[in-house]
Amino acid sequence: MTIIFLYLLLIILIAIALYIMFVRNLFSAIMATTIFSLISALIFLLLDGIDVSLTEAAVGAGISTILFLSTLKHTDVEIKKSSIPSFPLIVLFFLLLGLLSFSVSDLPEFGKFNQTSNSQATEYYINNSKSEMGIPNVVTSILAGYRGFDTLGEVVVIFIAGVSVLGILRKKKSNP
Numbered sequence: 068m069t070i071i072f073l074y075l076l077l078i079i080l081i082a083i084a085l086y087i088m089f090v091r092n093l094f095s096a097i098m099a100t101t102i103f104s105l106i107s108a109l110i111f112l113l114l115d116g117i118d119v120s121l122t123e124a125a126v127g128a129g130i131s132t133i134l135f136l137s138t139l140k141h142t143d144v145e146i147k148k149s150s151i152p153s154f155p156l157i158v159l160f161f162l163l164l165g166l167l168s169f170s171v172s173d174l175p176e177f178g179k180f181n182q183t184s185n186s187q188a189t190e191y192y193i194n195n196s197k198s199e200m201g202i203p204n205v206v207t208s209i210l211a212g213y214r215g216f217d218t219l220g221e222v223v224v225i226f227i228a229g230v231s232v233l234g235i236l237r238k239k240k241s242n243p
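Under the working numbering, read the sequence shown as residues 68 to 243, first letter to last.
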């Protein structure tokens, strides 16, 4: 049942992404990206990535939406026709897509355990993280348990960045 729900959410994400690509109203695009981020957070939550889910909900749906709406306040709501010719951009896009597709062949096989990047530490975390931390997701157990202070430092940095953004967006009182 969960896998069917995940596929349904993935189809909804694709539909929202297509909508974002073609919508002309910036407010609608911002709301669609917010919904996209919330659905992404739900998918991460269903896949037991609680830390990624919370980050996506806070940054992707929360802070980004506030910044986009604040920016929209100073711009036009409708997208104007671009003066840049689109044909060179399309050619550049497909050239970069071809280059990236070609470079994928150099990547290691996905999911292969005996890669050189996998070490004894990787094996230890995979085998012991659930029993030691009680968290089913290995990444979450590493971030929340084994690297708790590092994660706390990252949270402090994100908090300071959020307070800084609020300071920038704050309306200044006019001097009499």
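Cβ atoms here follow ideal geometry from the backbone N, Cα and C, with glycine treated the same way.
Practice task
With Tyr213 as the anchor, note down where its alpha helix (DSSP H) starts and where it stops.
Solution key: As a working mapping, residue 213 is identified with position 146 in the sequence shown. Careful: Tyr213 lies outside any alpha helix (DSSP H) and carries neither H nor E.
Practice task
May I have the straight-line CA-CA distance separating Ala125 from Pro203, to the nearest angstrom?
Solution key: Along the sequence shown, read from residue 1 onward, the residue named residue 125 stands at position 58. Along the sequence shown, read from residue 1 onward, the residue named residue 203 stands at position 136. When rounded, the distance between both Cα atoms is 23 Å.
Handout entry: Reference Thr122; option with closest CA among Val230, Ser231 and Phe226
Key = As a first step, residue 122 is located in the sequence shown; it is residue number 55 there, counting from the start. When each option's Cα is compared against that of Thr122, the closest is Phe226.
Problem - First through last residue of the alpha helix (DSSP H) which encompasses Ile70 - result: To locate residue 70, count along the sequence shown from 1; it is residue 3. It spans Thr69 to Phe89 - the alpha helix (DSSP H) in which Ile70 sits, taken as one unbroken run.
Exercise for the section: Could you pull the start and end residues of the alpha helix (DSSP H) that Ala96 belongs to? Expected result: Working through the sequence shown from its first residue, we reach residue 96 at position 29. Here the alpha helix (DSSP H) through Ala96 covers Leu93 to Leu113.
Practice task
Quick one: grab the DSSP three-state call for Ile227.
Solution key: To locate residue 227, count along the sequence shown from 1; it is residue 160. Note: Ile227 maps to helix in three-state DSSP.
Practice task
For Gly165, name the three-state secondary structure that DSSP assigns.
Solution key: Walking along the sequence shown from the start, residue 165 turns up at place 98. The answer is helix: DSSP assigns Gly165 an H, G or I state.
Problem - Nonlocal neighbours in the same chain, by C-beta distance under 8 Å from Gly116, ignoring five residues either side - result: Working through the sequence shown from its first residue, we reach residue 116 at position 49. Only Asn204, Val206 and Thr207 meet the Cβ criterion.
Practice task
Assign Ser107 to one of two classes, buried (16 or more other C-beta atoms within 10 Å of its C-beta) or exposed (fewer than that).
Solution key: Translated into positions along the sequence shown, residue 107 becomes position 40. So Ser107 ends up on the buried side.
Practice task
Taking all protein chains shown into account, decide if Phe177 is buried (16 or more other Cβ within 10 angstroms of its Cβ) or exposed.
Solution key: On the sequence shown, residue 177 is found 110 positions in, with the first residue counted as 1. Its Cβ having fewer than 16 others within 10 Å, Phe177 is exposed.
Practice task
Confirm, please, whether the CB-CB distance from Ile97 to Thr142 is below 8 Å.
Solution key: Position 75 of the sequence shown, counted from the start, is the residue given in the question as residue 142. Position 30 of the sequence shown, counted from the start, is the residue given in the question as residue 97. No, the Cβ-Cβ distance between Thr142 and Ile97 is not below 8 Å.
Problem - Sequence-distant residues of the same chain with beta carbon closer than 7 Å to Leu136, five excluded per side - result: Position 69 of the sequence shown holds residue 136. Same-chain partners within the cutoff: Ile97.
Exercise for the section: Give the single residue among Lys140, Leu163 and Tyr213 whose Cα lies nearest to the Cα of Thr93. Expected result: The residue labelled residue 93 in the question sits at position 26 within the sequence shown. The sequence shown places Leu at residue 93, not Thr. Comparing Cα positions, the closest option is Lys140.
Handout entry: Delimiting residues of the alpha helix (DSSP H) encompassing Ser137
Key = As a first step, residue 137 must be located in the sequence shown, where it is residue number 70. Ser131 to Leu139 is the extent of the alpha helix (DSSP H) around Ser137.
Problem - Within 8 Å, strictly: CB atoms of Ala128 and Leu113 - result: Numbered from 1 along the sequence shown, position 61 holds the residue referred to as residue 128. Numbered from 1 along the sequence shown, position 46 holds the residue referred to as residue 113. Not closer than 8 Å, so no.
Practice task
Please state if the CB of Phe103 and the CB of Ile83 are separated by a distance shorter than 8 Å.
Solution key: In the sequence shown, residue 83 corresponds to position 16, counting from 1. In the sequence shown, residue 103 corresponds to position 36, counting from 1. Yes. Within cutoff.
Exercise for the section: Using a Cβ-Cβ cut-off of 8 Å, state whether Val206 counts as contacting chain C. Expected result: Chain labels in this structure do not include chain C; a single protein chain is all it has.
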